[in-house]
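Working notes, structure below.
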Amino acid sequence: MRAAAGLLAARRRAMDIDEIRIAGRPIPADMLGSLRVLAAEAATPSELQSRLAADGYVLLRGAIPRDDVLAARHEVLRRLAAVGEIAEPSAEAVATGTSRRAELAPDANAFWRDVCEGPALRRAAHAPALRALAAAALGRAAKPFDFVWLRTMIEGRASPLHFDHVYMNRGSANVLTAWVPLGDVPPAAGPIVFVEGSHRFEDVIARYRGVDVDRDGLPGSFPEDAVGFARARGCRLLTADFRAGDVILFGMFTLHGSCDNRSGNGRVRLSCDVRWQPADEAEDDRWFGSPPSGHQGKSYGGMNGARPLGETYIAR
Ligand SMILES: O=C(O)CCC(=O)C(=O)O
6 MRAAAGLLAA RRRAMDIDEI RIAGRPIPAD MLGSLRVLAA EAATPSELQS
56 RLAADGYVLL RGAIPRDDVL AARHEVLRRL AAVGEIAEPS AEAVATGTSR
106 RAELAPDANA FWRDVCEGPA LRRAAHAPAL RALAAAALGR AAKPFDFVWL
156 RTMIEGRASP LHFDHVYMNR GSANVLTAWV PLGDVPPAAG PIVFVEGSHR
206 FEDVIARYRG VDVDRDGLPG SFPEDAVGFA RARGCRLLTA DFRAGDVILF
256 GMFTLHGSCD NRSGNGRVRL SCDVRWQPAD EAEDDRWFGS PPSGHQGKSY
306 GGMNGARPLG ETYIAR
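Residue numbers (the numbering used here): 6 to 321.
This is the structure we're talking about:
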């Protein structure tokens, strides 16, 4: 763990000292930590479960085939390049700052569904290795939600802090999120970030337990500034230098968001969140089906990604 923390610190020193930010606010060095990695050979069901219980998350390196992840990345980038949002060569993932989506793909829901259900993305998101990992972590056969949350984060953008519970609590209580970077995502490119120990913040969790963003019409995201909140709780913000093939699993009550994408070269950060639950437990019907109905029946059209890259961002 110390070596990983050292690496993160060294990377920070080598670049702009305050490059790792959340909502524009630099994370002070003493508040930035590295996510603990579980070595592949140690990823037994009992170790996965005890790490989830102890840390609220478990990070595995190279858990799914890197080539499949990169194929998914290129598939998404090619679709965005075809509507003029990613410059050629699309593999560089550089946003053009313009879009022809309205003209070339006027049905926003259909377009985004097509991208999110692209064959290469499905292959990576529902990889047999990920199913096996989810089953081991859950201790029984696992199935994925049909809905896959694809994130296309342009520079300057981030996801605000939230618990996943409020978005997907109508079925099984044993849902796990797998966050899958679609490409290498160094800290400056805005990877996922966790509030250390937040799965044990019972007072905060009590405010969100049972809340359903669609039924209650409440914002799911956390109103407080991440750095200020972590400082007040005396904990750190944890992230990592992610590589394509890595997976981080976490529970519905682990507070997380993302660092700002500060790539510095116009590059978009790509990732997807894939949810897994015990195969024999009740489903939250918003996220299953063909197509899944999604928030307020908007299906894929309710996602930020359904709007042209760079349009106003709504926390979701
Ligand atoms: O990738 C992001 O920006 C946020 C991911 C997230 O919120 C999740 O995996 O639940």
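Note that CB positions come from ideal geometry on N, CA and C, so glycine has one too.
Remember, it's a predicted structure, so these values are computed and weren't measured experimentally.
Count the other CB atoms, across all protein chains shown, that sit within 10 Å of the CB of residue i; report buried if there are 16 or more and exposed otherwise.
| i | result |
| --- | --- |
| Glu229 | exposed |
| Ser268 | buried |
| Asp60 | buried |
| Asp208 | exposed |
| Asp285 | exposed |
| Ala107 | exposed |
| Arg156 | buried |
| Gln282 | buried |
| Leu109 | exposed |
| Asn270 | exposed |
| Glu93 | exposed |
| Glu3 | Here the chain covers residues 6 to 321 and nothing more, so residue 3 does not appear. |
| Ala142 | buried |
| Gly55 | Inspection of the sequence shows that residue 55 is occupied by Ser rather than by Gly. Exposed is the call here. |
| Gly67 | exposed |
| Ser295 | exposed |
| Ile319 | Confidence is the limiting factor: at Ile319 the pLDDT is only 43, short of 50, which leaves the residue's position unreliable, though a coordinate-based value still follows. It is exposed - the Cβ of Ile319 has fewer than 16 other Cβ atoms within 10 Å. |
For residue i, tell me which candidate among the options has the shortest Cα-Cα distance.
| i | options | result |
| --- | --- | --- |
| Thr182 | Gly29, Ala59 and Leu138 | Leu138 |
| Asp189 | His131, Leu75 and His300 | Leu75 |
| Arg248 | Gln282, Pro192 and Asp289 | Pro192 |
| Ala147 | Gly161, Ser177 and Asp169 | Ser177 |
| Tyr62 | Leu223, Gly144, Val232 and Leu40 | Leu40 |
| Asp35 | Ala44, Gly302, Ile25 and Leu43 | Ile25 |
| His79 | Arg214, Glu160 and Ile91 | Ile91 |
| Val187 | Ser298, Val273 and Cys264 | According to the sequence shown, residue 187 is Leu rather than Val. Among Ser298, Val273 and Cys264, the Cα nearest to that of Leu187 belongs to Val273. |
| Tyr213 | Arg128, Pro196 and His170 | His170 |
| Glu122 | Arg291, Lys303, Asn309 and Cys277 | Cys277 |
| Ala44 | Leu64, Pro33, Arg30 and Pro50 | Leu64 |
| Phe202 | Val88, His261 and Trp292 | The sequence given here has Gly at residue 202, not Phe. With distances taken between Cα atoms, Gly202 lies closest to His261. |
| Ala330 | Arg205, Ala48 and Asp289 | Nothing in the structure corresponds to residue 330, since the chain is present only between 6 and 321. |
| Gly102 | Val88, Asn114 and Leu275 | Val88 |
| Arg175 | Gly250, Pro31, Asp221 and Ala77 | Asp221 |
| Ser51 | Arg145, Phe199 and Arg291 | Arg145 |
| Phe293 | Leu37, Ala100, Trp154 and Val99 | Trp154 |
| Ser104 | Pro149, Ala96, Ala86 and Asp246 | Ala86 |
| Met308 | Ser164, Phe234 and Ala235 | Ser164 |
| Pro27 | Val200, Tyr172, Val185 and Val42 | In the sequence as displayed, the identity of residue 27 is Ile instead of Pro. The residue with the shortest Cα to Cα distance from Ile27 is Val200. |
| Thr259 | Leu37, Pro149 and Trp184 | Trp184 |
| Leu57 | Cys264, His204, Ala237 and Ser304 | His204 |
Compute the Euclidean distance between the alpha carbons of residue i and residue j, then round it to the nearest angstrom.
| i | j | result |
| --- | --- | --- |
| Val125 | Asp72 | Here the sequence assigns Ala to residue 125, which means Val is not the residue at that position. Their backbone Cα atoms lie some 10 Å apart in a straight line. |
| Leu223 | Val232 | 23 Å |
| Val252 | Ala132 | 11 Å |
| Leu254 | Leu166 | 16 Å |
| Ile210 | Ala311 | 30 Å |
| Pro297 | Phe116 | 15 Å |
| Arg84 | Val120 | 7 Å |
| Gln301 | Asp219 | 6 Å |
| Ala113 | Gly306 | 6 Å |
| Gly29 | Gly256 | 27 Å |
| Pro33 | Pro70 | 34 Å |
| Phe227 | Phe168 | 8 Å |
| Ala289 | Arg280 | Here residue 289 turns out to be Asp, not Ala, going by the sequence shown. Going from the Cα of Asp289 to the Cα of Arg280 covers about 11 Å. |
| Pro111 | Phe206 | 44 Å |
| Gly315 | Tyr172 | 24 Å |
| Gly215 | Ala129 | 31 Å |
Looking at residue i and ligand 1, is the gap between the Cβ and the nearest heavy atom below 7 Å?
| i | result |
| --- | --- |
| His170 | no |
| Arg156 | yes |
| Trp281 | no |
| Trp276 | Checking the displayed sequence, the identity of residue 276 turns out to be Ser instead of Trp. Result yes, Cβ under 7 Å from ligand 1. |
| Ile159 | no |
| Thr244 | no |
| Ile197 | yes |
| Thr182 | yes |
| His131 | no |
| His204 | no |
| His300 | no |
| Ser226 | no |
| Pro164 | Note on identity: in this sequence residue 164 is Ser, with Pro being the wrong assignment. It does: the Cβ of Ser164 is within 7 Å (strictly closer) of some heavy atom of ligand 1. |
| Ser263 | yes |
Ignoring anything shorter than 4 residues, give me the alpha helix (DSSP H) runs that lie fully in the stretch 227 to 266, in order along the chain.
Counting only runs of 4 or more residues that sit fully inside the stretch 227 to 266, the alpha helix (DSSP H) segments are 231 to 238, in chain order.
What residue ranges within the stretch 151 to 176 form continuous beta strand (DSSP E) runs of no fewer than 3 residues, ordered along the chain?
Listed in chain order, they are 154 to 158.
Every unbroken beta strand (DSSP E) inside the stretch 24 to 107 [3 residues or more]:
Counting whole runs of 3 or more residues, the stretch 24 to 107 contains the beta strand (DSSP E) stretches 37 to 39 and 62 to 65.
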